[in-house]
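2 protein chains.
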Amino acid sequence: MPKSATRIQQKNQAAIMTAGLEVFSQFGFRGSTLDQVADAAGLSKPNLLYYFPSKDAIYTALLARLLENWLEPLHQMDDAGDPVEEILAYANRKLTMSRDFPRESRLFANEILQGAPRIKDVLAGELRALVEAKATVIKRWIAEGKIKPVDPVHLIFSIWSLTQHYADFDVQVRAILGDTDPFDTAETHLNDVFRRLLTP
Amino acid sequence: MPKSATRIQQKNQAAIMTAGLEVFSQFGFRGSTLDQVADAAGLSKPNLLYYFPSKDAIYTALLARLLENWLEPLHQMDDAGDPVEEILAYANRKLTMSRDFPRESRLFANEILQGAPRIKDVLAGELRALVEAKATVIKRWIAEGKIKPVDPVHLIFSIWSLTQHYADFDVQVRAILGDTDPFDTAETHLNDVFRRLLTP
DNA sequence: TGCTTATTTGACCATCTGGTCAAAGACACG
DNA sequence: CGTGTCTTTGACCAGATGGTCAAATAAGCA
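Spelled out as structure tokens, the structure:
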């Protein structure tokens with residue numbers, strides 16, 4: 001049914017998503033205005049509302065697209081692989097996402113900070129289930145002596161916080177590091193952290 | 201000069217700060233309204249503006265008060281103490297702050313997420329200097345073989361992100377942990393992390 | 001080319017928001 | 001109790017904000 005989408009529609013919808021990401025990730029939903037988004041998209045406000053029915057719809061669409069990719073790196077953690085390397089690889093994937101998609105990370109952070117009003121159910125449902133599944137795998141790895149004992153859920157929290165920090169607190173990180181590129185040095189550091197934590 | 205402050209003034213100013221913290225930490229500066237703050241403080245809007253000249257003034261006062269305490273735990277890290285224990289103690293102080301003052305942590309996170317417009321100079325000045333000073337101490341500890349080699353600045357970032365995560369992403373953490381208290385288990389986990397990272 | 005559909009816009013609206021102000025109430029204190 | 005100061009408030013304002021609408025313009029296509 002909703003198949004067709006003219007060239008113009010595709011271009012403008014994409015422009016709006018990009019603009020919305022830029023604005024919402026910085027100011028959060030309530031702190032952003034349609035004029036800002038329209039401006040960033042290079043459209044007039046009524047024109048913007050021709051493509052999306054409301055401010056809320058843009059924001060929700062952004063969140064939905066984000067969630068699609070957000071859980072993917074954790075999904076990819078392979079329970080048949082080498083435990084330490086699998087966990088390291090997951091952390092590296094997340095760090096890469098922080099480098100390449102910092103605005104997505106900040107959009108997510110903003111939503112959570114504000115109490116996650118529109119994604120609480122995803123957190124308590126899909127995300128929680130995924131974490132529990134992976135926690136089981138990690139527990140098995142521990143039981144098999146493949147990695148040192150560690151709280152599996154907090155390990156996952158640690159991966160999230162350590163990697164997302166470089167996107168969410170980018171301004172602070174750069175204020176302190178000066179000209180050094182954060183991500184080059186962060187990668188080495190995080191690999192150290194997780195290797196020493198996990199290698200039996 | 202600005203000595204006097206009637207009983208009523210003290211009470212209301214305190215109420216406004218508390219209310220402002222509650223509101224601003226959730227919605228950020230632009231996402232919050234004076235009505236929300238006035239409501240939370242149990243005052244009318246004009247009455248609120250009798251005590252503070254503007255929305256900005258409330259927010260700025262909150263940030264100023266926050267920054268006073270924010271750097272303190274790092275300051276306390278004693279270069280004459282036992283290296284591993286000093287760093288662990290610092291992490292524990294930060295974790296305690298996340299537990300006892302989550303709104304302060306979220307206020308800070310919100311400000312940074314939005315690009316830190318009003319505290320960029322503090323970050324690049326006072327904070328950066330403090331971090332560099334402590335990094336020097338950590339480097340000495342490494343040179344003396346008291347702790348394993350580690351990037352000192354990223355170590356400090358790690359302490360920040362791992363501890364603040366439990367305040368800033370509280371909703372997510374609780375959605376996943378269910379009824380378990382996050383902080384009890386987090387403390388053990390973080391001590392594991394830093395001990396394995398640092399103990400020679 | 002002409003006609004249909006898709007796109008864009010200027011003008012407009014109700015509501016919200018930060019902030020003002022004069023007048024009314026409450027306090028303190030001699 | 002009276003009076004000068006501090007506190008509170010209702011009414012109000014200008015500008016911003018999310019959203020609407022009819023009319024104008026641009027594409028697409030036969």
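First to last, the protein sequences are chains A and B. For the first sequence, the numbering used here begins at 1 and goes up steadily by one. For the second sequence, the numbering used here begins at 201 and goes up steadily by one. A virtual CB, placed ideally from N, CA and C, is assigned to each residue, including glycine. Quantities reported herein were computed from a predicted structural model and do not represent experimental measurements.
Item, Value
"Alpha carbon of B/L266 to alpha carbon of B/P253, nearest angstrom", "20 Å"
"Chain-ordered neighbours of B/A316 on chain A, where CB pairs are closer than 8 Å", "V171, Q172 and A175"
"From B/H354, B/Q210 and B/A386, residue whose alpha carbon lies closest to that of B/T336", "B/H354"
"Bounding residues of the alpha helix (DSSP H) (the contiguous stretch that carries A/D184)", "P182 to L198"
"Alpha-carbon to alpha-carbon, A/D100 and B/A329", "29 Å"
"Alpha-carbon to alpha-carbon, B/E387 and A/E117", "What sits at residue 117 of chain A in the sequence shown is Pro, not Glu. Cα-Cα distance, rounded: 28 Å."
"Straight-line Cα distance separating B/Q209 from B/L377", "42 Å"
"Secondary structure, alpha helix (DSSP H): runs of 4+ residues fully inside the region 53 to 82 of chain A", "55 to 70 and 72 to 75"
"Per-residue DSSP class, three states only, for A/F169", "coil"
"Residues within the region 233 to 264 of chain B neighbouring chain A, beta-carbon criterion of under 8 Å", "none"
"Closer than 7 Å to chain A by CB, B/H275", "no"
"Inter-residue spacing [alpha-carbon to alpha-carbon] between B/E222 and B/R303", "7 Å"
"Residues of its chain near A/L190, where Cβ-Cβ distance is below 8 Å and the 5 sequence neighbours each way are ignored", "A91, N92, L95, L162 and T163"
"Beta-carbon gap between A/L43 and B/R306 smaller than 7 Å", "no"
"B/I287 at chain A interface by Cβ criterion, 7 Å", "no"
"Contact list for B/F383 against chain A, beta-carbon separation under 7 Å", "Neighbours of B/F383 on chain A: none; closest Cβ ~11 Å, over 7 Å."
"CB contact below 7 Å: B/F227 versus chain A", "yes"
"Buried or exposed by the 16-neighbour rule on C-beta atoms within 10 Å, applied to B/D321", "exposed"
"Which listed residue (A/Y50, A/G125, A/E126 and A/G20) has its alpha carbon closest to that of A/Y59", "A/G20"
"Residues of the region 120 to 131 of chain A with Cβ closer than 8 Å to any Cβ of chain B, in chain order", "K120, L123, A124, L127, R128 and V131"
"Exposure of B/G325, with buried meaning 16 or more beta-carbon neighbours within 10 Å", "exposed"
"With 16 other Cβ atoms within 10 Å as the buried cut-off, status of A/P182", "buried"
"Beta-carbon contacts of A/L62 that lie in its chain and below 8 Å, excluding the five residues immediately before and after", "M17, G20, L21, F24 and L107"
"Residue environment, B/Q276, which counts as buried when at least 16 other CB atoms sit within 10 Å", "exposed"
"Alpha carbon of A/F169 to alpha carbon of B/A309, nearest angstrom", "8 Å"
"A/L177 (DSSP reduced to helix, strand or coil)", "helix"
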